Amino acid sequence: MESLNSKWIATVAGIWIQCSSGATYTFGIYSPTLKSTQNYDQSTLNTVSVFKDIGGNAGILSGLLYSLVTLNHHRHDNDHQRRGLLLSFCGPWVVHLTGAILCFVGYFFMWAAVVGLIDRPPVALMCLFMFMAAQAQTFFNTANVVTGVKNFGDYGGTIVGILKGYLGLSGAVLIQVYDTIFNGNPSTFLLILALLPTFVSLLLMFLARIYETKSVDDKKQLNAFSAIALTMAAYLMIIIILENIFTLPSWARIITFIFLLLLLASPLGIAFKAQMEDTKRLAFSQTLSTEQRISLVYNSEPAQDHHLAYHELPAGDHKEDMKNIHEDQEDMNIQQAMCTANFWLLFIAMISGMGSGLATINNISQVGESLGYTAIEINSLVSLLSIWNFLGRFGAGYVSDIFLHKRGWARPLFIAITQATLSIGHIIVGSGFPGNLYVGSIVVGICYGSQWSLMPTITSEIFGVGHMGTIYNTIGIASPVGSYIFSVRIIGYIYDKMASGGEDNSCSGTQCFMSAFLIMACFALVGCVVALVLYFRTRRFYDQIVLRRLRHEK
Numbered sequence: 001m002e003s004l005n006s007k008w009i010a011t012v013a014g015i016w017i018q019c020s021s022g023a024t025y026t027f028g029i030y031s032p033t034l035k036s037t038q039n040y041d042q043s044t045l046n047t048v049s050v051f052k053d054i055g056g057n058a059g060i061l062s063g064l065l066y067s068l069v070t071l072n073h074h075r076h077d078n079d080h081q082r083r084g085l086l087l088s089f090c091g092p093w094v095v096h097l098t099g100a101i102l103c104f105v106g107y108f109f110m111w112a113a114v115v116g117l118i119d120r121p122p123v124a125l126m127c128l129f130m131f132m133a134a135q136a137q138t139f140f141n142t143a144n145v146v147t148g149v150k151n152f153g154d155y156g157g158t159i160v161g162i163l164k165g166y167l168g169l170s171g172a173v174l175i176q177v178y179d180t181i182f183n184g185n186p187s188t189f190l191l192i193l194a195l196l197p198t199f200v201s202l203l204l205m206f207l208a209r210i211y212e213t214k215s216v217d218d219k220k221q222l223n224a225f226s227a228i229a230l231t232m233a234a235y236l237m238i239i240i241i242l243e244n245i246f247t248l249p250s251w252a253r254i255i256t257f258i259f260l261l262l263l264l265a266s267p268l269g270i271a272f273k274a275q276m277e278d279t280k281r282l283a284f285s286q287t288l289s290t291e292q293r294i295s296l297v298y299n300s301e302p303a304q305d306h307h308l309a310y311h312e313l314p315a316g317d318h319k320e321d322m323k324n325i326h327e328d329q330e331d332m333n334i335q336q337a338m339c340t341a342n343f344w345l346l347f348i349a350m351i352s353g354m355g356s357g358l359a360t361i362n363n364i365s366q367v368g369e370s371l372g373y374t375a376i377e378i379n380s381l382v383s384l385l386s387i388w389n390f391l392g393r394f395g396a397g398y399v400s401d402i403f404l405h406k407r408g409w410a411r412p413l414f415i416a417i418t419q420a421t422l423s424i425g426h427i428i429v430g431s432g433f434p435g436n437l438y439v440g441s442i443v444v445g446i447c448y449g450s451q452w453s454l455m456p457t458i459t460s461e462i463f464g465v466g467h468m469g470t471i472y473n474t475i476g477i478a479s480p481v482g483s484y485i486f487s488v489r490i491i492g493y494i495y496d497k498m499a500s501g502g503e504d505n506s507c508s509g510t511q512c513f514m515s516a517f518l519i520m521a522c523f524a525l526v527g528c529v530v531a532l533v534l535y536f537r538t539r540r541f542y543d544q545i546v547l548r549r550l551r552h553e554k
């Protein structure tokens, strides 16, 4: 049992939970059945979908719960028995348990309504079921991501990219489960969504723990996890393309699904290998002095550097310059964070980046129809967007870590770079030239996904990890807020205006969406400027605190 107590096993548990918890990305599979069995019109179904988006993005409750059950993890208590008893009822597992309950209750009652096990619920009650089911994702995600950052603080971008990337792939993984086992039976798929994430979380939640150690091979092993994630993304991309070109027989689907399960199991081998190397290093270190042993096996963070705040910065001109850049950077709570300009700069940048990116993803099918793309081409675009989303989530965290460690580049600079690139993607999507959506969807998908790994990591670095879950989930509300503004108030308004008087109130041609995407490109540039302001405000903080701590630990 001792072999299961390590941050490597905790990482594998987090990856597996992430891979099973992206049920919100599969709404398109069961929404037609939900609509037909409950006698919904399109407007009512869209209302239910809105509660899915709100529940899946508004993770403030999960952040508050995580802070509540993990803050005592670092507190010292002379009564070891009392402290042990306290910790046994605290930890990330409480957040996973809450998510499992929400997931089961939400999807189970939706399934019960669809199959007629219960009377058809009022729309408001169905919206509540959907909200609970989607909220579960925020609990799983918060527990995994924040625990990952605490376990791999020196490589926060990489671990966030890995975990967020697997969440992005989870929709494609669950769709493979559906296509292989339940194809043609979406109501049964709803029951699976109630059972599978719940079972996986309950099975693994006690393994997803916080470990206050740093191994000298952290980067090496994280690179191995990254390689598997990239391999899995490439494999899913090939399967998606083949499924949209050919009709795969059932035996072929089973074989491809088994290989997918093997890819999902492979991180366990890396975890055991890393643990064995740590054990051998620990055994060898027994003959060394205490200082040599710590340096060789586990590099503990010096408390004085880890909790360095503004008032402890080096004296001189730099201290005065820092006064307007940040205040009490370490372990701020949500109220303190919201009183800083940096919080709102990051929030506004996310409205532009996450909001316009999500609006593009939500409307890509309608854009394709207006430009004359075939149904197969549109399905391929929608399916491949999950892969580009993954590459953005993974790549931004990994690359920003490299430049932070080797060049000292403050991470907000990468938000500015990706949002400037996002504006180009919006222009490509709106231009209407042949094949524009293939190019535009790649650019938008990668840039949108990158925001989801950069924002949580920047939050942990600027505001501290103590209340990271609450703060980054609060900033994450920018995604549905921005999506509503861009989808309804800009894209929907302009499309309806262009389509008025047309056949079936539909619109064809580049004029349907060009103006909307040019407007979103301008907003993405505004987000780029805001991110640059955040970069200039925090770059000395990164140099004086973040980089100083990283270099000291090395």
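End of the sequence shown = 554 in full-length UniProt numbering, gap-free, step of one. We treat Cβ as the ideally placed atom computed from N, Cα and C, and that holds for glycine. These numbers were taken from a predicted model, which means no experiment stands behind them.
Through-space distance from residue j to residue i, alpha-carbon basis
i, j, result
"residue 404", "residue 334", "26 Å"
"residue 109", "residue 414", "42 Å"
"residue 506", "residue 428", "22 Å"
"residue 177", "residue 283", "43 Å"
"residue 221", "residue 401", "15 Å"
"residue 12", "residue 364", "34 Å"
"residue 58", "residue 103", "15 Å"
"residue 477", "residue 367", "26 Å"
"residue 95", "residue 348", "28 Å"
"residue 336", "residue 473", "15 Å"
"residue 317", "residue 149", "In this prediction, residue 317 scores a pLDDT of 45, lower than 50, which makes its location untrustworthy; the coordinate-derived value is nonetheless stated afterwards. Approximately 32 Å between the Cα atoms of the pair."
"residue 376", "residue 494", "26 Å"
"residue 230", "residue 167", "13 Å"
"residue 155", "residue 398", "8 Å"
"residue 371", "residue 362", "16 Å"
Same chain, Cβ closer than 6 Å to residue i, neighbours up to 5 away in sequence not counted
i, result
"residue 446", "388, 391, 392"
"residue 140", "17, 21, 99"
"residue 438", "none"
"residue 136", "99, 102, 103"
"residue 115", "187"
"residue 55", "131, 134, 135"
"residue 515", "494"
"residue 7", "151, 211"
Limits of the alpha helix (DSSP H) - the one that residue i falls within
i, result
"residue 537", "514–541"
"residue 137", "123–151"
"residue 65", "60–70"
"residue 39", "It is not in any alpha helix (DSSP H) - residue 39 carries neither H nor E in the DSSP assignment."
"residue 225", "218–245"
"residue 405", "375–406"
"residue 362", "356–370"
"residue 189", "186–204"
"residue 419", "412–431"
"residue 440", "436–463"
Nearest-angstrom beta carbon gap, residue j and residue i [assumed within contact, 8 Å]
i, j, result
"residue 442", "residue 207", "That pair is no contact at about 36 Å."
"residue 228", "residue 263", "7 Å"
"residue 145", "residue 456", "6 Å"
"residue 236", "residue 169", "6 Å"
"residue 386", "residue 171", "5 Å"
"residue 542", "residue 416", "Contact flag wrong, Cβ pair sits at about 14 Å."
"residue 555", "residue 152", "The structure shown does not extend to residue 555, since the chain is modelled only from 1 through 554, so no value can be given for it."
"residue 175", "residue 29", "7 Å"
Spatial neighbours of residue i in its chain, beta-carbon cut-off 7 Å, leaving aside the 5 residues before and after
i, result
"residue 121", "113"
"residue 412", "458, 531, 534, 535, 538"
"residue 60", "470, 473, 474"
"residue 165", "229, 390, 393, 394"
"residue 481", "351, 355"
"residue 546", "461"
Beta-carbon contacts of residue i that lie in its chain and below 8 Å, excluding the five residues immediately before and after
i, result
"residue 91", "69, 70, 73, 209, 210"
"residue 182", "188, 189, 192"
beta-carbon residue i near the ligand FMN non-hydrogen atom, thresh 8 Å
i, result
"residue 462", "Among the ligands in the structure shown, none appear at all, so the ligand FMN cannot be discussed."
**Item:** Three-pair Cβ contact test at 8 Å for the segment 486–502 versus the segment 422–435
**Value:** no
**Inter-stretch contact (C-beta, 8 Å, three-pair minimum) for the segment 57–69 and the segment 468–483** = yes
**Request:** Would you check if there are 3 or more beta carbon pairs closer than 8 Å linking the segment 128–143 to the segment 43–51?
**Result:** yes
**Touching by the beta-carbon criterion (3+ pairs, under 8 Å), the segment 183–198 and the segment 155–166** = no
**Item:** Cβ contact (3+ pairs, closer than 8 Å) linking the segment 457–466 and the segment 331–345
**Value:** Counting Cβ pairs under 8 Å, three or more are found: they touch.
**Request:** Examine the Cβ distances between the segment 515–535 and the segment 346–356 and report whether three or more of them are shorter than 8 Å.
**Result:** yes
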